[in-house]
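Single-structure report; data block below.
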Amino acid sequence: AFSRWGLQAMIGGSLRHAARRLRAPALAVAGCAAGTSLYLRGADEEFRHVSESELPTTYDPEAFAAVWSAHPRCCLARLREIVARVAPLAAVVLRDSLRGGVPGESEAERDARYALRARELRGCLTDLGPTFIKAGQALSIRPDVLPPPAVYELQKLCDAVPSYPTAAALALIEAELGAPASSLFELDASSEPIAAASLGQVYRCRLREGGAE
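Residue numbers (the working numbering): 38 to 250.
This is the structure we're talking about:
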């Protein structure tokens with residue numbers, strides 16, 4: 038009995054000592070997280086107010102850097118979004134890789150696992166937007182990098198990307214052409230796209246003038 042209670046006391050003392058040692062780092066991490074959240078408050082609103090006219094229309098890294106260096110909160114918020122979305126999947130893939138797969142799984146089970154991870158990756162890339170979808174498309178033609186089940190799943194990024202709202206497409210058309218889309222095409226908010234890709238989507242409609250499809 039003495040040995041049992043003595044061991045419990047020793048363990049309890051060790052745990053209390055470890056808790057005291059970890060208290061300061063834990064408080065520092067919590068304070069850093071709280072400070073970051075306060076700093077990033079309003080980042081989405083700031084991003085929405087960045088005018089497209091500020092962005093270069095040709096590939097110019099220095100010009101892009103000049104624009105976004107004036108909006109560090111937007112960059113940090115986007116980085117946090119990317120890490121939060123990618124980290125859980127990366128942890129699972131790393132775990133599978135370190136232990137060499139799942140012990141005792143058959144070839145069919147392994148291929149199913151590859152396909153599942155690729156579906157999760159496809160969803161992740163789709164959520165993160167066009168740049169990441171393009172990266173997935175590049176991987177979808179690299180069977181030398183990914184196993185066939187994963188390549189097959191990622192190929193869906195080439196022709197089966199979820200569409201964005203028609204209202205957003207109509208607003209973009211109006212901004213580009215200087216007139217409401219409904220005045221130029223037989224196209225309105227109830228129209229549905231017939232295809233969607235990483236950087237745009239396709240509608241079938243007719244011109245108001247002449248009726249050409």
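Positions of the beta carbon are idealized from the N, C-alpha and C atoms, including for glycine.
These numbers were taken from a predicted model, which means no experiment stands behind them.
**Prompt:** Taking buried to mean at least 16 other C-beta atoms within 10 Å of its own C-beta, is F39 buried or exposed?
**Reply:** On the sequence shown, residue 39 is found 2 positions in, with the first residue counted as 1. Interpretation of F39 is limited by its pLDDT of 46, a score under 50 that renders its predicted location unreliable; the figure taken from the coordinates is listed afterwards. Label assigned to F39: exposed.
**8 Å CB neighbourhood of L77 in its chain, flanking five on each side removed** = As a working mapping, residue 77 is identified with position 40 in the sequence shown. Excluding sequence neighbours, L77 sits near R110, L113, A114 and R117.
**Asked** When DSSP builds the beta bridges, which residues end up paired with A197?
**Response** Taking the sequence shown and counting its residues from 1, the one referred to as residue 197 is at position 160. DSSP output for A197 lists no bridge partner at all.
**Item:** Close beta carbons around A232, own chain, < 8 Å, minus the five adjacent residues each side
**Value:** Within the sequence shown, the letter at position 195 stands for residue 232. Excluding sequence neighbours, A232 sits near D196, Q238 and V239.
**Message:** Could you tell me the alpha carbon to alpha carbon distance between D148 and A218, rounded to whole angstroms?
**Reply:** Indexing the sequence shown from 1 puts residue 148 at position 111. Indexing the sequence shown from 1 puts residue 218 at position 181. Taken atom to atom, the span from the alpha-carbon of D148 to that of A218 is near 46 Å.
**Message:** Considering only DSSP beta bridges, list what Q238 is partnered with.
**Reply:** Here residue 238 refers to the residue found at position 201 of the sequence shown. Q238 is bridged to A233.
**Message:** For L194, count the other beta carbons within 10 Å of its own beta carbon; 16 or more makes it buried, fewer makes it exposed. Which is it?
**Reply:** If you number the sequence shown from 1, residue 194 lands on position 157. With 16 or more other Cβ atoms within 10 Å, it is buried.
**Asked** Can you name, in chain order, every residue of its own chain whose Cβ lies under 6 Å from the Cβ of R156, other than the five neighbours on each side?
**Response** Your numbering for residue 156 matches position 119 in the sequence shown. Counting only Cβ-Cβ distances below 6 Å, and skipping sequence neighbours, we find E190.
**Asked** For V104, which residues of its own chain have a beta-carbon under 7 Å away from its beta-carbon, when the five flanking residues on both sides are left out?
**Response** In the sequence shown, the residue the question calls residue 104 occupies position 67. Within the same chain, V104 has close Cβ partners E91 and L92.
**Asked** Can you tell which of T94, F169, E99 and L221 has the C-alpha that lies nearest to the C-alpha of F123?
**Response** Walking along the sequence shown from the start, residue 123 turns up at place 86. The displayed chain sequence assigns Val, not Phe, to residue 123. Checking every option, the nearest Cα to that of V123 belongs to F169.
**Request:** Grab me the residues of I119's own chain with a C-beta within less than 7 Å of its C-beta, minus the 5 sequence neighbours each way, in chain order.
**Result:** The sequence position of residue 119 within the sequence shown is 82, counting from 1. Excluding residues up to 5 positions away in sequence, L165 lie with their Cβ nearer than 7 Å to the Cβ of I119 in the same chain.
**Message:** Please state the DSSP three-state secondary structure of L183.
**Reply:** In the sequence shown, counting from the first residue as 1, residue 183 sits at position 146. In the structure shown, L183 sits in coil (DSSP, three-state: anything other than H, G, I, E or B).
**Prompt:** Taking Cβ positions only, does A218 come closer than 8 Å to chain B?
**Reply:** Absent from the structure is chain B; it holds one protein chain and no more.
**Item:** Beta-ladder partner(s) of L244, from DSSP
**Value:** The residue you call residue 244 lines up with position 207 of the sequence shown. The partner list for L244 (beta bridge, DSSP) reads F222.
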